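All remarks here apply to the structure that follows.
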Amino acid sequence: MYGSPRARIIIGLWLQSLTLLFFSGCQQQPSAVALYVDAMTLREAGQNVMAIEKLNTALKADEDFTLAHSSLCEIYLEMNDYTRSAAACRMAVELNPWSFEDHLNLGWSFLSMQRPELAARAFSKACELKPDHLTANVNAAMSYYEIRDYRRALFYGQRIQQIAPDTEGVEDFISDVQWAAGQKSPSGVARGRRLR
Numbered sequence: 061m062y063g064s065p066r067a068r069i070i071i072g073l074w075l076q077s078l079t080l081l082f083f084s085g086c087q088q089q090p091s092a093v094a095l096y097v098d099a100m101t102l103r104e105a106g107q108n109v110m111a112i113e114k115l116n117t118a119l120k121a122d123e124d125f126t127l128a129h130s131s132l133c134e135i136y137l138e139m140n141d142y143t144r145s146a147a148a149c150r151m152a153v154e155l156n157p158w159s160f161e162d163h164l165n166l167g168w169s170f171l172s173m174q175r176p177e178l179a180a181r182a183f184s185k186a187c188e189l190k191p192d193h194l195t196a197n198v199n200a201a202m203s204y205y206e207i208r209d210y211r212r213a214l215f216y217g218q219r220i221q222q223i224a225p226d227t228e229g230v231e232d233f234i235s236d237v238q239w240a241a242g243q244k245s246p247s248g249v250a251r252g253r254r255l256r
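Per our numbering: the sequence shown = residues 61 to 256.
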């Protein structure tokens with residue numbers, strides 16, 4: 061049978077079909093890393109919408125690509141799309157819980173969405189990763205104060221005082237927290253002052 065013309069035609073067609081399937085199904089797809097690099101180039105050029113498309117394509121290729129989630133978080137935050145920013149940041153911190161920037165950006169997203177309870181947790185996690193980061197501590201203190209968790213607000217307020225004792229308003233903030241917590245406040249201190 062192998063020598064018969066019919067067998068050679070069948071084998072030839074089979075090999076052609078196999079070759080066609082191989083080349084059509086195995087076209088080189090851009091890697092998640094290459095798509096990420098393209099997205100960063102687009103972002104630097106101010107093309108955020110196109111960068112988002114590239115990042116989403118990268119995530120289709122590798123859904124656990126942390127850098128793509130982090131970049132989406134930042135881009136959406138810049139575009140004031142806080143819901144999408146928070147979703148991307150959540151994925152980033154789930155995949156990489158040691159990322160200070162992702163926790164900080166998650167806090168900013170929640171703060172912008174007026175969700176201080178979630179912002180407080182994100183900022184406090186950022187503070188665990190970088191205890192001496194002034195901005196993270198200020199935002200943790202303010203978020204805890206806003207949700208009336210005065211014990212934690214006081215903790216972060218005192219940490220601010222240790223990190224940067226000259227921070228404007230920190231002493232007044234600590235006094236306000238102590239007063240709100242039922243501790244005695246020094247006389248003459250006005251309530252409701254914000255840290256700067």
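The C-beta atom is built at its ideal place from N, Cα and C for all residues, glycine as well. None of these values were measured; they are calculated from a predicted model.
Asked, Found
"Report the option in Thr126, Asp122 and Glu161 whose CA atom is closest to the CA atom of leucine 137.", "Glu161"
"Are there 16 or more other CB atoms within 10 angstroms of the CB of glycine 242, so buried, or fewer, so exposed?", "exposed"
"Return the CA-CA distance between proline 191 and arginine 103, expressed in angstroms with no decimal places.", "31 Å"
"Can you tell me the Cβ-Cβ gap for valine 198 and isoleucine 220, rounded? I've got them flagged as a contact below 8 Å.", "6 Å"
"Going by the beta-carbon positions, is the gap between glutamate 123 and asparagine 165 smaller than 9 Å?", "no"
"For a test of the three-state rule: what should DSSP assign to tyrosine 168, helix, strand or coil?", "Reading the sequence as shown, one finds tryptophan at residue 168 and not tyrosine. DSSP places tryptophan 168 in helix when its eight states are reduced to three."
"Glycine 106: buried (16+ other C-beta within 10 angstroms of its C-beta) or exposed?", "exposed"
"Counting along the chain, where does the alpha helix (DSSP H) carrying glycine 242 start and finish?", "That residue, glycine 242, is in no alpha helix (DSSP H); it is neither H nor E in DSSP."
"In terms of residues, what are the limits of the alpha helix (DSSP H) holding glutamate 206?", "194 to 206"
"If you draw a straight line from the C-alpha of alanine 224 to the C-alpha of threonine 117, how long is it?", "43 Å"
"Beta-carbon within less than 6 Å of isoleucine 234's beta-carbon, same chain only, minus the 5 sequence neighbours each way: which residues are those?", "Gly217"
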